[in-house]
Each structure stands twice: as C-alpha cells, then as structure tokens.
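Report on the following structure.
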DNA sequence: AATACGGGGTT
DNA sequence: AACCCAGTATT
C-alpha cells in the first residue's frame, strides 16, 4: 500500500484538492494553517487528540468553545490526567456522548502514566487507546505525526462517494470509499490532505445544497455529471423514534437542590443529574417519587430528542424543610439509587457549575424561571 | 451487522 | 421538523 506512485486521475484530483486548501483552509484553533504546515510545522498532538475526540459526531461550531475551555484549563495531557474525572465530565456537559469524556480521562491517564506523557505516533498504537477508533487513529497519525494514513470521516465519505458515484449503501459502501481515499492519499502531507478533503466536504460538498459551482474537482465528479449529487452517499433508511415519558424530581430546600450522580453505564452515565423516575432503563418512567410529600406535578415541561428515542419530561416539585428531608435521609439515599448515587445538596446559585447534561439543564432552567415568577407573585 | 450513545447546527 | 455531524464501543 502506498508503494506505487499516484498517477492518472487520482493524482489530478488530489492535486486540485490540495491546491484548493492553500487558499481556503478553515482557520481552527487546533489547526496549523497550510503555509506553516508546508514549512514543516506540526500541531500539538494533545490538541489534535482532544479536538478529534470532541469532533466525533459533533459539529465544528459546537466544539470550538469547549476546545478553548479545555486547553485553557488543562494545557497538557499530564494536566488532564491530574484532574478529577468528575471535573472533566462537568466541563464536557452539553457536548453529548459522555463516554467520550470518560475515555478522555482514561486515555490521558494512560498516556501520562505509561507513555511518559507522549502520545504514540503510529496508527496501530493509537488504535489501542480508549476512545480512539479507526477514524481518529488515522487522523491523529496523519495530522499530528505526518504519517501516511487513510482518513475517512463523514465529510470524506460524502466527497468520495459523490466523486465515484458509489452506490453501495453505507456502511457496506465504506470499503469502496476507503479504497478510493487510499488511491487519493499522498505519501507526504496526508494530514493536510485529509483536512483539505474534510474542508471541501464541510464547505463545498455539503450534505444538502452542495456548492458544485465553486468545487475544484467538479469536472471529475461522477455524481455531478448526472446531476444526482444529493443521492450520494447512499444510506440505509432510518427508523422512527419512539416517544418515552419520564419524571424529574426538583427537591429544593433552603436554597439548595438535590442532585445525584448517574450510574456508570447507560444514558448520560456518570453525569450529575436531577433525580428521576428511571425512564432511561424502562419504556417509560414509573413516576414514583423518592419520598412521601407534597409534590406539585408540572406536565410536559421539557421535550428532548435523543439518538434513538424522544423524551417528554414531567417535573415533580417538592419545596420543603431541609431538616425534614435529612431526618428521612436513609430513605432518600436509597431511593435516589434508582437513578444514581451520592445525592448532594447543591446551592441553587451555583447550578450552572453543576455540569448538568442539557436535558437536565433545560429542566432546571424551567424550574428556576417558575420559581422567580412565583416569588414575584408573592410580593 | 445492528444498536446504544447527545445535542446543537443547518436547511 | 428533518437531517446531519472530524465515530466508538458493545452486542
């Protein structure tokens, strides 16, 4: 692989893509711009790794702010390894796919403790690390270490599937796409070439309304030739999302709110959260409150869409004496186990720092809004 | 080969 | 509102 010199149309396409990148590269905080890259400069592997993990199934626009925050707070992989996992999870809140954050910490710890803080440089070694799969291993090897690796992400999948009008539906079609990308990938500068392809996929060869008029490889594109650009890549039909219902418990006392830590597996694993009725483990929640009391039920305060189902959330509000709740603490702790563990009283004023996943943050902000309104009416 | 796993951006 | 996104791990 990669022994033969690239010839023919593949070489022509690759050259046009590379040339386009010189003047049209997106400026991104983890990236070395093409003119400096061509002078031999490489980005910090820690930055490449962190950005690649964040970018898994996540748009560039959503990642930039988190990336800046993370590298300011943990400037090196060793700093990250020295952090508490709970702080990393809280900082990740809102970005989704929280297994990434747990694997981030695992990987930082491994690299710091077993590799002396130096990331491995080969694709196969990178593939061993937690949270790094075939795409990310290839991307880091190419971008951070200048290795020739065949990088295939969703952008490149789309670009290449259109160029060759590959009609085998994904994921089976990925084999032909990877082979075609292998043909295009140069011996030197595979990292910039991959990023050049990704930029074209993102900015030109977009999923909907591709901008073929400004595409540097339009003349080579089999999909464009037939005007059926948007029919590639071919994907399997998607399934309908079922709707589930669940109930969250807003347990407030003396300016504090009761939060739990969710179990280590399943939805939003390991994240701080409002206590709930175990909707994640069941078709629907069971609505059972964690203790007897005067609960006010507010129906359907939040709707939230996950990958494989939607959730309609009711909020049960309990406002009472902290001492009364504490006097029944053993039962409260036991019942909190249904959705998590380690219940804590969290000051309402510091709720934004709790690191709640979006689903709970939305519910909390609904509750805070209602609380202010109620207090105003009492005056 | 299928499924679990979030949530924001874009059209 | 549907579709998509610098995928990975588990089943």
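Residue numbers (the UniProt record's numbering): 1 to 379.
Don't be surprised by glycine CBs; every beta carbon is placed ideally from N, CA and C.
Taking one beta carbon from each stretch, the region 299–315 and the region 222–230 have fewer than 3 pairs nearer than 8 Å; the two do not touch.
Put simply, the backbone Cα of residue 219 is about 53 Å away from that of residue 284.
Assignment of residue 73 by DSSP, reduced to helix, strand and coil, places it in the helix class. Residue 347 is bridged by DSSP to 256.
In this structure, the alpha-carbon of residue 28 lies about 8 Å from that of residue 64.
Take the alpha-carbon of residue 101 and the one of residue 92: they are about 7 Å apart.
If the five residues before and after residue 155 are omitted, its C-beta is found closer than 7 Å to the C-beta atoms of 197, 198, 201, 202, all from its own chain and listed in chain order. For residue 153, the closest of 49, 79, 195 by C-alpha to C-alpha distance is 195. Excluding the 5 residues flanking it on each side, residue 97 has same chain C-beta neighbours closer than 8 Å at 56, 57, 58, in chain order. Residue 23: not part of any beta strand (DSSP E); member of the alpha helix (DSSP H) spanning 8–24, first to last residue.
Looking at the backbone, the Cα of residue 115 and that of residue 289 are separated by about 48 Å.
Counting along the chain, residue 305 sits inside the beta strand (DSSP E) bounded by residues 296–305. As the crow flies, the alpha-carbon of residue 320 is around 5 Å from that of residue 253.
The alpha-carbon of residue 263 is positioned some 11 Å away from that of residue 278. Residue 173 places its beta carbon less than 8 Å from that of residue 234. Here the alpha carbon of residue 209 sits roughly 8 Å from the alpha carbon of residue 230. Taking a contact as a CB-CB distance under 8 Å, the pair residue 259 and residue 354 counts as one, their CB atoms being some 6 Å apart. Boundaries cannot be given for residue 153, as no alpha helix (DSSP H) includes it and DSSP labels it neither H nor E.
The beta carbons of residue 274 and residue 309 sit no closer together than 8 Å.
Taking C-beta atoms as the reference points, residue 250 and residue 367 count as a pair closer than 8 Å. For residue 43, the CB contacts under 8 Å within the same chain, skipping 5 residues up- and downstream, are 30, 31, 32, 143, 144 in chain order. Where residue 135 is concerned, the enclosing alpha helix (DSSP H) starts and stops at 134–145. The continuous alpha helix (DSSP H) containing residue 359 extends over residues 358–378. Excluding the 5 residues flanking it on each side, residue 182 has same chain C-beta neighbours closer than 6 Å at 150, in chain order.
In the displayed model, residue 243 falls within a strand according to three-state DSSP.
DSSP places residue 51 in the helix class (H, G or I) of the three-state scheme. About 12 Å separates the CB atoms of residue 204 and residue 163; that is not less than 8 Å, and the two are not in contact. Taking C-beta atoms as the reference points, residue 74 and residue 62 fail to come closer than 8 Å.
In the displayed model, residue 178 falls within a helix according to three-state DSSP. For residue 316, there is no enclosing alpha helix (DSSP H); the residue is part of the beta strand (DSSP E) that begins and ends at 310–319. Ranked by Cα distance from residue 304, the first of 281, 245, 269 is 245. Between residue 232 and residue 161, the gap from beta carbon to beta carbon is short of 8 Å. In the DSSP assignment, residue 281 falls outside any alpha helix (DSSP H), carrying neither H nor E. Here DSSP, grouped into helix, strand and coil, assigns residue 30 to coil. When the five nearest sequence neighbours on each side are left out, the beta carbons in the same chain lying within less than 6 Å of the beta carbon of residue 191 are those of 142, 143, in order along the chain.
In the structure shown, residue 220 adopts helical secondary structure according to DSSP, grouped into three states.
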